Every structure is written in C-alpha cells, then in structure tokens.
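Each remark here refers to the structure printed beneath this line.
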Amino acid sequence: MAFSKKQIFVGLIMIQTVVILLLLFNTISFRNETLSARAAANYYQKVYEEIAEREDPLLQSLIAERERLTREYTATREIAHEYGIKPADSF
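The opening residue of the sequence shown carries number 622 in the working numbering; numbering runs sequentially from there.
Listed below in structure tokens is the structure:
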C-alpha cells in the first residue's frame, strides 16, 4: 500500500494543523492560569495589608514569625543554589 505524494503532503499539513491548535490551546490556558494566579495574589496581598494594619499583638507576632521563616527559607534556597543543591520542591 503505497501513499502518493499528495496523500503524504495532506497528512503532513493535517499534523501541522493539529500541533498548531494544541500549542494555541496550551498558550491560552497558560495565560488564563497566570491571570487567575495574579488576581488571587492581589486579593491575598490586599487582605494581608488590611489585617496587618490592625494592632492585635497576637497577629503582629504571627506576622513577625512568618517574615522570619520567609527570610530563613530564602537564605536556605540561596545557600543551596550556591552549592548546586537542587531543592526538593523543584522538578
């Protein structure tokens, strides 16, 4: 069963069309996910700023602890990067 040049050409065009459509779909879905993630981050940033304005001592101690842990995490990642150690959460 031999295929003619025309059949092969049409098949290649169809494959290219499918690949292009898949790439477009992935690009659009990635963009939508990025936009929704950005909107969620903005929402949580706003809520965090509203909560941080209150003078509750427990809340202030929790915020201070969160900032300390964030600094430690950042420092640990920098040291790991310096020594070429790949963090466990990156694939």
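Virtual Cβ for every residue (Gly too), placed ideally from N, Cα, C.
Values in this document were obtained by computation on a predicted structure and should not be read as measured data.
Tell me where the alpha helix (DSSP H) around Phe646 begins and ends.
As a first step, residue 646 is located in the sequence shown; it is residue number 25 there, counting from the start. Note, Phe646: alpha helix (DSSP H), 626-673.
Check for me: the alpha helix (DSSP H) holding Ile700 runs from which residue to which?
Taking the sequence shown and counting its residues from 1, one reaches residue 700 at position 79. Element bounds for Ile700: 678-703.
Whose C-beta lies closer than 7 Å to the C-beta of Phe712 among residues of the same chain, with five residues either side of it excluded?
The count along the sequence shown starts at 1 and reaches residue 712 at position 91. The predicted position of Phe712 is uncertain, since its pLDDT is 44 and thus under 50; a value taken from the coordinates is nonetheless stated next. Once the five neighbours on either side are set aside, Phe712 has no close Cβ partner at all.
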